[in-house]
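A.B. asks:
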Amino acid sequence: MNIDNFPQPKQAMRKLNQYAVFLLLAINSTFAFSLGNTATNDIVAISEAWVRPTNPGQEVGAAYMTLTSKENLDLVSAISDASGSVEIHSMTMENGIMKMRNLDSLALEAGKPYRLAPGGFHLMLFDLKKPLNIGEHVNFVLTFKNKNNEQFKQNIKANIQAPKESASHKH
Ligand SMILES: [Cu+2]
């Protein structure tokens, strides 16, 4: 768990610490958050992060984003402040049926953007603590692991918004 090799900009560290404290206060200790192991980094660029709004009574949600890493590494887990747990899912079409799989990790190749998008990879939010309403946002902490088994975390704020592509994909 040596994170010393990763750049740790002061401002980013402060932001993450504030976020971690918020989680501890507002949620509870089920995340088993370890302050000692948290660090932000500039290795993975995350863009276009968004969360699909939920309908009343819906207990699962989905988040999408584009991840571009400067080095080969794996996304190994994620947590959010809006759900009891988050899983990394793939989605494939098999015999005309959409199937989702829970992945242990998602391999990111250096320099290659990975797009988590409707119909493909996504982060699945289970045990939602509240409805996900358009205009609000969800905070995530993603954990990555490099080939030396060093872990580091990165927080990302995703806006809750309607899918942009849904209209063009309708038949
Ligand atoms: Cu899923």
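Numbering (this note's numbering), first residue to last: 10 to 180. Just so it is clear, CB atoms sit at the ideal spot from N, CA and C, and this is done for glycine as well.
Which residues does DSSP list as the beta-bridge partners of G70?
C.D. replies: G70 is bridged to L134.
A.B. asks: Does the segment 134-151 come close enough to the segment 85-95 to have 3 or more Cβ pairs within less than 8 Å?
C.D. replies: Counting Cβ pairs under 8 Å, three or more are found: they touch.
A.B. asks: With a 10 Å radius around its C-beta and 16 neighbouring C-beta atoms as the bar for buried, classify I88 as buried or exposed.
C.D. replies: I88 should be labelled buried.
A.B. asks: Would you identify the three-state DSSP class for Q163, choosing helix, strand or coil?
C.D. replies: It is a strand residue.
A.B. asks: Using 6 Å as the cut-off, classify the Cβ of M109 as near or not near the heavy atoms of ligand 1, replying yes or no.
C.D. replies: Because some heavy atom of ligand 1 lies under 6 Å away, the Cβ of M109 counts as near it: yes.
A.B. asks: Out of I169, K173, F130 and N142, point me to the one whose CA is closest to K108's CA.
C.D. replies: Cα-wise, what sits closest to K108 is F130.
A.B. asks: Considering only heavy atoms of ligand 1, does any lie closer than 6 Å to the CB of M102?
C.D. replies: Flag unset: Cβ of M102 not near ligand 1.
A.B. asks: Please report the distance separating the alpha-carbon of L117 from that of N111.
C.D. replies: Approximately 17 Å, taken between the alpha carbons.
A.B. asks: Within 10 angstroms of the Cβ of M74, are there 16 or more other Cβ atoms? Answer buried if so, exposed if not.
C.D. replies: Classification of M74: buried, given that the 10 Å Cβ count is 16 or more.
A.B. asks: Could you round the C-beta distance between N142 and I106 to whole angstroms and report it? I think they count as a contact, below 8 Å.
C.D. replies: Not really, about 30 Å apart at Cβ, beyond 8 Å.
A.B. asks: So what does DSSP say about R124, is it helix, strand or coil?
C.D. replies: Reduced to three states, the DSSP call for R124 is strand.
A.B. asks: Going by DSSP, what residue range makes up the beta strand (DSSP E) through E57?
C.D. replies: Its beta strand (DSSP E) spans residues V53 to V60.
A.B. asks: CB of H98 to nearest heavy atom of ligand 1: below 6 Å?
C.D. replies: Yes; taking the cut-off as 6 Å, the Cβ of H98 has a heavy atom of ligand 1 nearer than that.
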